[in-house]
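Structure first, commentary second.
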Amino acid sequence: MQQKILSVGGSIIIPKTGFNISFFKNFRALILRHVKKGSCFILVVGGGATCRKYQEAARKVTELNDTDLDWLGIHSTVFNAQFVRMLFKEHAYPEVLRDPRKKVKTNKPILVAAGFEPGHSTDTDAVLLAKTYGAKEIINLSNIAYVYDKDPRKFKSAKKIETLDWASFRRDIVGNRWDPGRNVPFDPTASRFAQRFGLSVKFVKGTDLKEVEQAIFGRKFRGTTIG
Numbered sequence: 001m002q003q004k005i006l007s008v009g010g011s012i013i014i015p016k017t018g019f020n021i022s023f024f025k026n027f028r029a030l031i032l033r034h035v036k037k038g039s040c041f042i043l044v045v046g047g048g049a050t051c052r053k054y055q056e057a058a059r060k061v062t063e064l065n066d067t068d069l070d071w072l073g074i075h076s077t078v079f080n081a082q083f084v085r086m087l088f089k090e091h092a093y094p095e096v097l098r099d100p101r102k103k104v105k106t107n108k109p110i111l112v113a114a115g116f117e118p119g120h121s122t123d124t125d126a127v128l129l130a131k132t133y134g135a136k137e138i139i140n141l142s143n144i145a146y147v148y149d150k151d152p153r154k155f156k157s158a159k160k161i162e163t164l165d166w167a168s169f170r171r172d173i174v175g176n177r178w179d180p181g182r183n184v185p186f187d188p189t190a191s192r193f194a195q196r197f198g199l200s201v202k203f204v205k206g207t208d209l210k211e212v213e214q215a216i217f218g219r220k221f222r223g224t225t226i227g
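Residue numbering for the sequence shown follows the UniProt record's numbering, beginning at 1 and increasing consecutively.
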């Protein structure tokens with residue numbers, strides 16, 4: 001069965017308020033419920049605030065280039081991914097995937113992936129994994145339900161977007177430049193590859209597991225679809 005690709009933002013793993021144990025219990029139950037029905041998942045885990053805190057601290061101590069900062073981010077995703085993998089124990093492949101271009105042979109229904117190389121976020125890893133495993137869409141779990149035309153935290157006039165094509169998304173929302181730790185709905189490198197590969201990405205609030213389930217299984221959901 002084809003794997004369902006979930007890109008789980010670091011803001012979902014470790015929000016500013018600390019670990020949400022209730023969320024992890026419910027998320028685990030959701031995934032395992034569908035595993036029992038025959039579904040397979042690839043969970044791609046981001047670095048989030050943990051990544052940015054390490055980067056900010058390092059910048060205050062010494063001068064680092066973008067590659068250095070990206071490596072800090074990558075290792076924070078590995079730690080987060082190990083945490084997620086542990087939640088699924090015997091149901092998950094025993095190693096965190098580090099190269100999204102390589103397909104692993106396993107009968108485990110859950111794969112957990114982390115960062116790969118500098119120059120992009122784990123969004124790009126999710127896109128490359130989709131290509132490697134033949135998936136046509138990615139479910140992107142973040143701390144907001146929709147993509148907006150501008151940052152809703154800064155602009156009260158920001159308007160939510162329900163559907164958009166990749167060309168418009170890249171031109172108007174994320175641009176073409178990647179900066180380490182940059183907080184955008186989907187990173188520019190990932191967006192370029194997703195457009196090239198003909199993928200769609202569904203954006204949904206990760207803690208709203210009812211909507212997450214709707215998005216995963218192709219039903220109407222509250223969120224944004226790009227592609």
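We put the beta carbon where it would ideally sit given N, CA and C, even for glycine.
Would the beta-carbon of Val204 fall within 8 Å of that of Gly223?
-> Cβ atoms of Val204 and Gly223: closer than 8 Å.
Look at the alpha carbon of Gly48 and the alpha carbon of Gln82, and state the distance between them as a whole number of angstroms.
-> Our two residues, Gly48 and Gln82, have alpha carbons roughly 15 Å apart in a direct line.
Do you know how far the Cα of Glu162 is from the Cα of Ile144?
-> So the two alpha carbons sit approximately 13 Å from each other.
Is Lys37 helix, strand or coil by DSSP?
-> Coil.
Indicate, with yes or no, if the ligand NAP has a heavy atom lying under 7 Å from the CB of Thr106.
-> Although the ligand NAP was asked about, the structure shown includes no ligands whatsoever.
Using the Cα positions of Asn65 and His91, report the straight-line distance between them to the nearest angstrom.
-> Rounded to the nearest angstrom, the two C-alpha atoms are 39 Å apart.
Would you mind giving the Cβ-Cβ distance between Ala190 and Asp123, rounded to the nearest angstrom? I have them listed as a contact below 8 Å.
-> Confirmed, Cβ separation roughly 4 Å.
Below 8 Å between beta carbons: does that hold for Val45 and Thr77?
-> Closer than 8 Å, so yes.
Taking just the CA atoms, how far does Ser157 sit from Ala126?
-> Ser157 has its alpha-carbon roughly 31 Å from the corresponding atom of Ala126.
One or two residues paired with Ser142 in a DSSP bridge = DSSP lists Lys205 as the beta-bridge partner residues of Ser142.
For the stretch 1-17 against the stretch 137-155, are there 3 or more C-beta pairs whose distance is under 8 Å?
-> The stretch 1-17, when compared against the stretch 137-155, does touch it at the 8 Å Cβ threshold.
Among Tyr133, Leu164, Val174, nearest to Lys150 - alpha-carbon criterion | Measuring from the Cα of Lys150, the nearest candidate turns out to be Val174.
Sequence-distant residues of the same chain with beta carbon closer than 8 Å to Ala167, five excluded per side | Contacts found: Gln195.
In chain order, what residues of the same chain lie with their CB nearer than 8 Å to the CB of Ala58, ignoring the 5 residues before and after it?
-> Hits under 8 Å: Leu64, Asp68, Leu69, Leu72.
Could you pull out every unbroken beta strand (DSSP E) segment of at least 3 residues lying fully inside the stretch 144-219, listed in chain order?
-> Within the stretch 144-219, complete beta strand (DSSP E) segments of at least 3 residues are found at 200-205, given in chain order.
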